[in-house]
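Working notes, beginning with the structure itself.
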Amino acid sequence: MSRSNRFKYLVICILVFVVSCKDKNNNGATAATINFDIVQDFYSKSINESLALIDSLAMYPSESSEAKDIFKSLRIAFKKAEPYASYLSPEVGHKTNGPALPSFTDDTQRVLAPIGLQQIEQTIYEGGVSKAVYQEEIKLTKGLLYVLKRNVDQREMNAQRFFISIHQQLLRIISLGISGFDTPVSHLGINETIISLESLQFVYKNSVQQIVISKDKKLNEELLDNISKAIAFIKINNDFETFDRYTFIRNYMNPITKNWVEVRKVSDIWKSTTSTPFNFEASTFFEEDSFNTDYFTPPANRKPSEKQIALGKKLFFDKKLSLNNSVSCASCHNPDIAYADGLKTSIDNRGNKALRNAPTLINVVFQKSFFLDGRSQTLTEQISEVFMNKDEFNAEIHQFSDKILIDTTYNKMFIDVFGDVPSKNTEVIRAISSYISSLKGMNSRFDKNIRGEEDNYTASEKNGVNLFMGKALCATCHFMPLTNGTVPPFYSESEREVIGVPKTNKNEELDTDLGFYWMYNNALHKGMFKTPTIRNIEKTAPYMHNGVYNTLEEVMDFYNKGGGAGLGFDLPHQTLPFDELNLSKEEVGDLIAFMKTLTDNY
């Protein structure tokens, strides 16, 4: 064979090898050969339809029946586009379908009037707004939709965007759609879940279905069958107050989520990433590892070693970290009571009562702000403030105190973890942060029952779940499944609320702690505090930022009456609906029964 022929032969062999390697993982189908054009066109047409409908909405008075009909169609079109449109523009997507509350701009310190679909919903269904204001709401919301349209049209759909956006939408159904968060006035959200599921069917059939059929026909059949069953379940009873959310999640949504996780694996066109809040390998949103700790952790403290966590644990219990050797982290966060302290308000380093109640540290990592007033943005920043606070550790950040080295085991531990004994407390704080971040719990009776591992939930507990996610409106602030205020599905912010907590449990006087108000001195923030987790609540009494309530019955009475405004306090900026919930004594008991099942085996 001549030299030129040998060269040609070699080139052909290389090309054949490359092509075969490219195709062999997918039986001839790869990410490059999956055509997402139909899917992207579906999302594009849906957002265009939203824009056309909002134009039509502007032609009718807000109080007209035509306005309600068009609004319903507008929301349906938006729900079809939502997975991809909001994935590409999380902040704009959230504003488009976020709560009808004034917003505060950190940079200009201006208070902006609420906009978006929920504000338009409130205007249409409750009235009390002038024609000019209504038209302005429509105009500004149309602007948001136009931004979403531009991104949908200009940014090409690919495997990563496809799978992440669908994963987010599955969580939206559970945490926002069926809970009433999406449509707090009209309660259209449950029926809109049908739209989300039908859209999932459509985009699946027009993208990766053929790969799945070629590899696992049973999985394809199961997914489509489970979606159909879920839709049928909603059609049987879609009343907001009586809808069985517990059964819907356990028996219908969880199987779909499990199927979708397998679809991603079987299609083999996108490997999961650690840059999002999710662990894409978790089969449901209620697993012990459903959420990705790294996403919530500053880069310098991700993936700590077991030795770093062990060092952090030892430091967590060491009183020598405080200047007068009087307190440790565990002084206010006792493992025996879910890392709270059981006190109305904590005790400072001089034995005096502190201003606020100590919250649990379990699952504290899954937040985007820290302290009850939300003033710290990271866990390490929060721990640093504890070191510097004169009422807590009263210690310097930049000066390591070698008094802890009286315990000689510290020397080896610091060297093993950081290569040397530190000269400042930065490494100490990192180690403690690593330990606290490891305090995760999603293994309660609720989790085991909702996952289908156990079947020992009582009728009262099931009804409690349904009330929590429905009539009682708890899950519109304490979002499922984490039950804290970090907003799904992006988990980029933790909500702060004004609920009007009283000074004593006699409910006669508003508490004087102004919370987040200290940051900007804006009236909008008076009495504003971070929404805590409900998990392990049975162990963490007393309740509220000031420990005012000793029992869950007292807490539920406060909410049942409409919070501080319902009690008669002057709270123009209360974010909690101040209407009475009208929960019966039995319903309150069911809610408490459910909340007690959220205790982790920590």
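Going by the numbering used here, the sequence shown opens with residue 1064, and the numbers climb by one from there. All C-beta atoms in this analysis are idealised placements derived from N, C-alpha and C, irrespective of residue type, glycine included.
Secondary structure note for Glu1490: its alpha helix (DSSP H) is the uninterrupted segment 1489 to 1500. A residue is called buried once 16 or more other Cβ atoms fall within 10 Å of its Cβ, and Asn1317 is buried on that count.
Annotation: the continuous alpha helix (DSSP H) that includes Lys1328 extends over 1317 to 1330. Here the region 1560 to 1569 lies against the region 1605 to 1622, with 3 or more beta-carbon pairs under 8 Å apart. Judged by DSSP in its simplified three-state form, Leu1545 adopts coil rather than helix or strand.
Pro1422 carries a coil assignment under DSSP once its states are collapsed to helix, strand and coil. Of the residues assessed, Gly1243 falls on the buried side of the cut-off, its CB having 16 or more other CB atoms within 10 angstroms.
Nearest to Ile1410 by alpha-carbon distance, out of Val1428, Ser1391, Ile1425, is Ser1391.
Under the Cβ criterion (8 Å, minimum of three pairs), the region 1104 to 1113 counts as touching the region 1137 to 1149. If you check the CB distance, Phe1349 and Phe1341 do not come in under 8 Å.
For Arg1138, the enclosing alpha helix (DSSP H) covers residues 1128 to 1151. A contact is defined here as three or more CB-CB pairs under 8 Å, and the region 1511 to 1521 meets this definition with respect to the region 1301 to 1318. Per DSSP, Phe1379 is not a residue of any beta strand (DSSP E); the alpha helix (DSSP H) it occupies stretches across 1369 to 1379.
As the crow flies, the alpha-carbon of Val1491 is around 24 Å from that of Ala1417. Here Tyr1583 is exposed. Its C-beta has fewer than 16 other C-beta atoms within 10 Å. Met1220 sits buried, since 16 or more C-beta atoms from the chains shown fall within 10 Å of its C-beta. A buried status is given to Thr1186, since no fewer than 16 other beta-carbon atoms sit within 10 Å of its beta-carbon. Using a 10 angstroms sphere on the CB of Ser1335, the tally of other CB atoms reaches 16 or more, which defines it as buried.
The beta-carbon distance between Lys1143 and Ile1294, rounded to whole angstroms, is 15 Å. This is too long to meet the 8 Å contact definition. Shown here, Ala1403 sits in a strand according to DSSP, grouped into three states. The beta-carbon separation of Ile1332 and Val1271, rounded to 7 Å, stays under the 8 Å limit for a contact. Cβ neighbours of Thr1596 within its own chain (closer than 6 Å, five residues either side excluded): Asn1426, Thr1546, Asn1547. Within the model, the alpha-carbon separation for Pro1177 versus Ser1166 is close to 7 Å.
For the pair Phe1579 and Gly1437, the CB atoms are nearer than the 8 Å cut-off. DSSP, read as helix, strand or coil, puts Arg1559 in strand. For Asn1397, DSSP records a beta bridge to Ala1403. Your pair Val1215 and Ala1148 checks out as a contact, with CB atoms roughly 5 Å apart and the cut at 8 Å. If you check the CB distance, Phe1303 and Ile1237 do not come in under 8 Å. Between Ile1117 and the set Lys1202, Gln1181, Met1543, the nearest pair of CA atoms involves Lys1202. The region 1630 to 1642 makes no contact with the region 1522 to 1532: fewer than 3 CB pairs, one atom from each, lie closer than 8 Å. The DSSP assignment places complete beta strand (DSSP E) segments of no fewer than 3 residues inside the region 1547 to 1626 at 1559 to 1561, 1591 to 1593, in order along the chain.
When the beta-carbon positions are compared, Ser1346 and Val1329 stay at least 8 Å from each other. Taking the C-beta atoms as reference points, Lys1589 is found nearer than 8 Å to His1636.
In the DSSP assignment, Val1174 is bridged to Phe1167.
From the listed residues Ala1656, Pro1146, Arg1313, the smallest Cα separation to Ser1262 is found for Pro1146.
When the Cα atoms are used, Val1326 and Glu1285 turn out to be separated by approximately 11 Å.
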